[in-house]
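What follows is a set of notes on a single structure, which appears directly below.
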Amino acid sequence: MPKIGRFTRLDIRPGKEKEVETFLRNAKAQIDEESRTEVWFAVKIGPSTFGIFDAFADGEGQEVHLAGHVAHALAARSLEWFTHPPVIEKLTVLAAKK
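For the sequence shown, the numbering used here assigns the number 1 to the initial residue and increments by one for each residue that follows.
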């Protein structure tokens, strides 16, 4: 069962919504390659607000994920895509169904 997770809120600059949505949809294939990422969701909260929820068995799995291609690509485009730095909330998973 995953024990730790994160929710990252992404507030998107006007006109960049489709580009970010496409990126997140395509990112799933790369996330599928990450054996230690147990849960990953990319969600659309509103017209220009997206989010990513991910969960891991341990901190090491989370660190591997944060060193991955998707995290680096989001960081590289942060100034272009986001109105402000993403808001990352660390979570403790109390219960899960997979």
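By construction, the Cβ of each residue, glycine as well, lies at the ideal position given by its N, Cα and C atoms.
In this text the structure is predicted, and so the values were computed from the model without any measurement.
Burial state of residue i, where buried means 16 or more other Cβ atoms lie within 10 Å
i	result
residue 24	buried
residue 32	exposed
residue 87	exposed
residue 50	buried
residue 41	exposed
Helix, strand or coil at residue i [DSSP, three-state]
i	result
residue 93	coil
residue 25	helix
residue 98	coil
residue 15	coil
Opening and closing residue of the beta strand (DSSP E) in which residue i lies
i	result
residue 33	Per DSSP, residue 33 belongs to no beta strand (DSSP E) and is neither H nor E.
residue 61	Careful: residue 61 lies outside any beta strand (DSSP E), inside the alpha helix (DSSP H) at 59 to 66.
residue 3	Segment: none, residue 3 is in no beta strand (DSSP E) and carries neither H nor E.
Cβ-Cβ distance between residue i and residue j below 9 Å
i	j	result
residue 12	residue 58	no
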